[in-house]
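Data first, discussion second: the structure below is written as structure tokens.
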Ligand SMILES: [Cu+2]
């Protein structure tokens, strides 16, 4: 019985904190947040941890999730926070991490290709410089309205 609890706990923990790793770069808990099933825009959040010895640059994302995908940053202009596509690739220095989250760096998915369901896992590739990429799966989260965009 105790083993069952341990296995169940392990399974739940894993399900919550899924992560992907390649060449000592870890992508932690990638989620695609969609405000409602009638919305055609989604935001992607995750944490990138660079445990390698090299500088890496995030270039973008490819997937069949949406027609258009962008890496966004948030800037402050006259006390107003604005989002815009990143103008250059995002540097993640060795031994550091960057969290993609509301009011900060995030991915934008415009014109979603399907109506997704909560907990669905969507394949994508995060692209870095030097043709390096990490296959990940975004977990769909619907009804989480903390991304006020456009
Ligand atoms: Cu945005």
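Residue numbers (my numbering): -4 to 145.
Yeah, the Cβ is synthetic: ideal placement off N, Cα and C, and Gly gets one too.
- Annotated three-state conformation of residue 75 is strand, per DSSP.
- Taking 8 Å as the upper bound for CB-CB distance, residue 123 and residue 51 are in contact here, some 5 Å apart.
- No heavy atom of ligand 1 is found nearer than 8 Å to the CB of residue 116.
- In the three-state reduction of the DSSP assignment, residue 48 falls in the coil class.
- Cβ-Cβ distances below 7 Å link residue 94 to 42 in the same chain, with the five nearest sequence neighbours on each side left out; the list follows chain order.
- For the set 135, 131 and 136, the Cα lying nearest the Cα of residue 57 is the one of 131.
- Partner residues in the beta bridge of residue 122, as assigned by DSSP, are 55 and 128.
- Within a 10 Å sphere around the beta-carbon of residue 70 sit fewer than 16 other beta-carbons, which makes this residue exposed.
- Put simply, the backbone Cα of residue 55 is about 13 Å away from that of residue 87.
- Taken from the Cβ of residue 61, every heavy atom of ligand 1 lies 8 Å or farther away.
- Selection 21, 13 and 27 evaluated against residue 138 yields 27 as nearest (Cα-Cα).
- Checking the 8 Å criterion, the Cβ of residue 101 is within range of a heavy atom belonging to ligand 1.
- When 83, 22, 60 and 73 are compared, the shortest CA-CA separation from residue 118 is found for 60.
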